[in-house]
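Worksheet: one structure, shown below.
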Amino acid sequence: MFDFSGKVALMAGGAGYLSSPACFGLVEHGAAVVVADKNEAALNALIEELRRRHPGAKACGIALDIGDQESIREAVETTVRNFGRLDILVNATYQSVGKLVEELTGAELDASLHLNLTGSFLLAREASRVMKSGGSIILFSSMYGQIAPDPRIYHHPLKPNPIEYGIAKAALEQMIRYLAVAWAPRNIRVNAIAPGSFPHVHQQTQFPDWMKLLAAKAPLGRIGRQEEVAGAIVFLASDEASYVTGHVLNVDGGCTIW
Numbered sequence: 001m002f003d004f005s006g007k008v009a010l011m012a013g014g015a016g017y018l019s020s021p022a023c024f025g026l027v028e029h030g031a032a033v034v035v036a037d038k039n040e041a042a043l044n045a046l047i048e049e050l051r052r053r054h055p056g057a058k059a060c061g062i063a064l065d066i067g068d069q070e071s072i073r074e075a076v077e078t079t080v081r082n083f084g085r086l087d088i089l090v091n092a093t094y095q096s097v098g099k100l101v102e103e104l105t106g107a108e109l110d111a112s113l114h115l116n117l118t119g120s121f122l123l124a125r126e127a128s129r130v131m132k133s134g135g136s137i138i139l140f141s142s143m144y145g146q147i148a149p150d151p152r153i154y155h156h157p158l159k160p161n162p163i164e165y166g167i168a169k170a171a172l173e174q175m176i177r178y179l180a181v182a183w184a185p186r187n188i189r190v191n192a193i194a195p196g197s198f199p200h201v202h203q204q205t206q207f208p209d210w211m212k213l214l215a216a217k218a219p220l221g222r223i224g225r226q227e228e229v230a231g232a233i234v235f236l237a238s239d240e241a242s243y244v245t246g247h248v249l250n251v252d253g254g255c256t257i258w
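Written as structure tokens, this is what we have:
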């Protein structure tokens, strides 16, 4: 089960907090992994750690600006040039301004939607063009593409999850359904995962009372652990999910069911 021997994965935004464990998961199961990220320091550290834990692993890092169509094209071309093919695309890139509704400008909203939606669409389309024998495309949504943040649990300096982020994730979920239908004849599956509350470690340390409020929102009674997204990604990327497409897999402790 979960044999990725001979498969090549492009992990866009792969050096991030939630996406990096999936890089390890894919490598552990035999995939060649190209990690594409704009954070050079995090990218280099991840590649170094991948090679330390898995000597001989086929892994490399490249720069990616999801807002630049040429950068997107180069990331896909570099992947194929280095490993001969592309079978799996995971897009964990995102952007948010972080302002309150009353503060957000139209220009800021447009720029955020361009990065979160247009960039995601262009990357998926570019990847699909080189998936000659089918493939799996996995986009990152969020529970906030399905529900609104509860402003009652946010207190200064914390702000509710920003509106531009939620708008983009809701639209992205429709995008995966549309692309799943469009590319099904080519055996390219398109799915998404929707993480729930996965605050970064530094937030957990800095705001312990907020962690309790977030935990209470989930039927499982806790926040998510960093590594708990990796299994969902590995599953959707695998042949074991060969009959799954157009699906949004919630990894949220049950937050969206009540």
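For the sequence shown, the residue numbers in my numbering are 1 to 258.
For each residue, glycine too, the CB sits at the ideal point set by N, CA and C.
Here the structure is a predicted model, which means the values were calculated and not measured.
Inset, instruction - Kindly list the residues whose CB is nearer than 6 Å to the CB of Asp-87, restricted to its own chain and excluding five residues on each side of it in sequence; keep chain order. - result: Lys-7, Val-8 and Gly-135
Inset, instruction - Tell me Pro-195's beta-bridge partners as DSSP assigns them. - result: Val-251
Inset, instruction - Flag this pair as yes or no: are the beta carbons of Pro-199 and Gly-253 separated by less than 8 Å? - result: no
Inset, instruction - Can you grab the Cα-Cα spacing for the pair Ala-170 / Lys-99, in whole Å? - result: 19 Å
Inset, instruction - Return the chain-ordered list of same chain residues with a C-beta closer than 8 Å to the C-beta of Gly-166, the five sequence neighbours on each side being excluded. - result: Ser-142, Tyr-144, Gly-145, Ala-148 and Pro-149
Legend entry - Cα-Cα separation between Ile-223 and Val-234, rounded to whole angstroms: Near 21 Å, if we compare the C-alpha coordinates of Val-234 and Ile-223.
Inset, instruction - Determine the DSSP secondary structure at Asp-3, reduced to helix, strand or coil. - result: It is coil, neither helix nor strand.
Inset, instruction - Following the continuous beta strand (DSSP E) through Ile-88, name the residue where it begins and the one where it ends. - result: It spans 88 to 91 - the beta strand (DSSP E) in which Ile-88 sits, taken as one unbroken run.
Legend entry - DSSP beta-bridge partners of Val-299: The requested residue 299 is not part of the displayed model; the chain covers only 1 to 258.
Inset, instruction - Just grab the DSSP bridge partners of Lys-132 for me. - result: Gly-134
Inset, instruction - Just mark Val-201 as buried or exposed, buried being the case when its beta carbon has 16 or more other beta carbons within 10 Å. - result: exposed
Inset, instruction - Would you check if the segment 153 to 165 and the segment 119 to 129 touch, i.e. whether three or more CB-CB distances between them fall below 8 Å? - result: no
Inset, instruction - Return the CA-CA distance between Phe-207 and Gly-13, expressed in angstroms with no decimal places. - result: 26 Å
Legend entry - Extent of the continuous beta strand (DSSP E) run through Ile-301: Missing from the structure shown is residue 301; the chain here goes from 1 to 258 and no further.
Inset, instruction - Just confirm the distance between the C-beta atoms of Ile-138 and Val-90, as a whole number of angstroms; I'd bet it's less than 8 Å. - result: Contact between Ile-138 and Val-90 is confirmed by a C-beta separation of about 5 Å, below the 8 Å threshold.
Inset, instruction - Could you tell me whether the segment 188 to 199 touches the segment 237 to 256, using the rule of 3 or more Cβ pairs below 8 Å? - result: yes
Legend entry - Exposure label - Ile-257; buried when at least 16 CB within 10 Å: exposed
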